[in-house]
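So the protein sequences, as listed, match chains A and B.
Note that numbering that gives the first Met the number 0 has the first sequence beginning at 0, numbered continuously upward.
Note that numbering that gives the first Met the number 0 has the second sequence beginning at 0, numbered continuously upward.
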Amino acid sequence: MNVEVGEAIPPFRIEQVRPEPMRTVAAIFRDPTPIHWDRESTRALGFDGRLLNQTPVNVGYVLNMLMTWAGPASVRRIKAEFPQPVLDGDSVTARGRVVAVADNDGETVAECDVWLERDDSVHHLVGRAWVAVHHDQP
Amino acid sequence: MPSEQSMAALVGHRFPGGTYRIEHWENVLFSEATGIAAPPDGIAHPAHLFHVAINGVGTSITELFELAESQGTSVSIDYYDWQLHQPLHEDLTYVLTGGITDFERSAREGSPTRDSFTYRIQIADPTGDRVADVAFRWHHWRLTDEVNR
Numbered sequence: 000m001n002v003e004v005g006e007a008i009p010p011f012r013i014e015q016v017r018p019e020p021m022r023t024v025a026a027i028f029r030d031p032t033p034i035h036w037d038r039e040s041t042r043a044l045g046f047d048g049r050l051l052n053q054t055p056v057n058v059g060y061v062l063n064m065l066m067t068w069a070g071p072a073s074v075r076r077i078k079a080e081f082p083q084p085v086l087d088g089d090s091v092t093a094r095g096r097v098v099a100v101a102d103n104d105g106e107t108v109a110e111c112d113v114w115l116e117r118d119d120s121v122h123h124l125v126g127r128a129w130v131a132v133h134h135d136q137p
Numbered sequence: 000m001p002s003e004q005s006m007a008a009l010v011g012h013r014f015p016g017g018t019y020r021i022e023h024w025e026n027v028l029f030s031e032a033t034g035i036a037a038p039p040d041g042i043a044h045p046a047h048l049f050h051v052a053i054n055g056v057g058t059s060i061t062e063l064f065e066l067a068e069s070q071g072t073s074v075s076i077d078y079y080d081w082q083l084h085q086p087l088h089e090d091l092t093y094v095l096t097g098g099i100t101d102f103e104r105s106a107r108e109g110s111p112t113r114d115s116f117t118y119r120i121q122i123a124d125p126t127g128d129r130v131a132d133v134a135f136r137w138h139h140w141r142l143t144d145e146v147n148r
């Protein structure tokens, strides 16, 4: 896999964030926070009764993009911040771009800007990821 | 709200430590919740790092809120920083250690007081080899400025 600085990573899209996976994830996380399953709680917070997606799932969308691009065992590090929540019903797309390529402990690692955006370009996640890539043999 | 001194005293708090095993069903359901099938060859989805770290180190989201005395606060996430030294796998018993490493109280005119806690958790495999380092920082926005103690 040859990777160049400036290269765009193929995006990963979720057409519609649905409430059912939030319930599954809340159970797996043992997370009692009602914003992921109780519309009354989010109405009280000013989100008009729309549920808030778990931030690790938002990271998961970005990780899916990276794993689809470079392989399931390729991600070495991810740092992420969350300017806006993802709500049920949103359409979101994970995107990324290579900003550097370097050798690190015997493997080639691509440093990438990554983000998760809504169709109107609102950013829900911004961050940086380091992904092991393997150059083709000459 | 709790005093700054009592919150700062949480720095250095160590969680009990413990183990976590990602089951196949858990990997399948969680991966599907992120929009893909579980990775091949027993690799666990790396986004497991959030709940594996918290639950495996012997704490819980509920306890983290309780330690921060978060009743009457709005909680938001500042950042995650997850480092993987090797992929996560299903059906391995991971060993976890960690604690609260940083606290900061900040207040701006016209905004609620913000208490920020940094948590760092280390994950090792059964032989002791490093698997992952997980850091995350949460903001607790105090909705009242009255100091309790």
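All residues carry an ideal CB built from backbone N, CA and C; glycine is no exception.
Predicted model only: the values in this text are computed from it and were never measured.
How would you list, in chain order, the residues of chain B whose beta-carbon sits under 7 Å from the beta-carbon of A/F81? Those are I76, listed as they occur along chain B.
Considering only C-alpha positions, which residue in the set B/S73, B/R104, B/E25 and B/T143 is nearest to B/A43? Per the Cα distances, B/E25.
Beta-bridge pairing of A/F11 - partner residues as DSSP gives them: According to DSSP, A/F11 bridges with A/A93.
Using a Cβ cut-off of 7 Å, pull out every chain B residue sitting near A/T23, in sequence order please. In chain order, L28 and A32 make up the part of chain B whose C-beta sits under 7 Å from the C-beta of A/T23.
Contact with chain A by B/D114, beta-carbon distance below 7 Å: It does not; no Cβ of chain A falls within 7 Å.
So which residues of chain B does A/V58 contact, with C-beta pairs closer than 7 Å? What A/V58 touches in chain B, judged by beta-carbon distance under 7 Å, is A46 and Y79, going in chain order.
Less than 6 Å between C-beta atoms, sequence neighbours within five positions excluded: which residues of the same chain meet that for A/R96? Closer than 6 Å at Cβ, skipping near neighbours: A7 and D112.
Note the first and the last residue of the continuous alpha helix (DSSP H) segment covering B/W24. Annotation for B/W24: the continuous alpha helix (DSSP H) segment containing it runs H23 to T33.
For A/D135, which three-state DSSP category applies? Its pLDDT being 46, under 50, A/D135 is placed unreliably by the model, and the measurement read from it follows with that caveat. In the structure shown, A/D135 adopts coil according to DSSP, grouped into three states.
If I follow the unbroken beta strand (DSSP E) through A/E106, where does it start and stop? A/E106 -> beta strand (DSSP E) spans E106 to R117.
May I ask you to list, following chain order, the residues of the stretch 39-68 of chain B that have a beta carbon less than 7 Å from some beta carbon of chain A? So the list reads P39, I42, H44, P45, A46, F49, H50, N54, S59, I60 and T61, given in the order they occur along the chain.
Buried or exposed for B/D90, going by 16 or more other Cβ atoms inside 10 Å? With fewer than 16 other Cβ atoms within 10 Å, it is exposed.
Is there at least one Cβ from chain A nearer than 7 Å to B/Q70's Cβ? Under the 7 Å criterion on CB atoms, B/Q70 is classed as non-interfacial with respect to chain A.
Cβ of A/R117 within 7 Å of any chain B Cβ: Residue-level contact check: A/R117 does not touch chain B, since none of the beta carbons of chain B fall below 7 Å from its beta carbon.
In chain B, which residues lie with their C-beta within 8 Å of the C-beta of A/P71? Identification of chain B residues near A/P71 by a Cβ-Cβ cut-off of 8 Å yields P38, P39, D40, I42 and P86, ordered along the chain.
Local conformation of B/T126 per DSSP, three classes: Three-state DSSP puts B/T126 in coil, outside helix and strand.
Roughly how many angstroms separate the alpha carbons of B/R136 and A/E116, rounded to a whole number? It is roughly 22 Å from the alpha-carbon of B/R136 to the alpha-carbon of A/E116.
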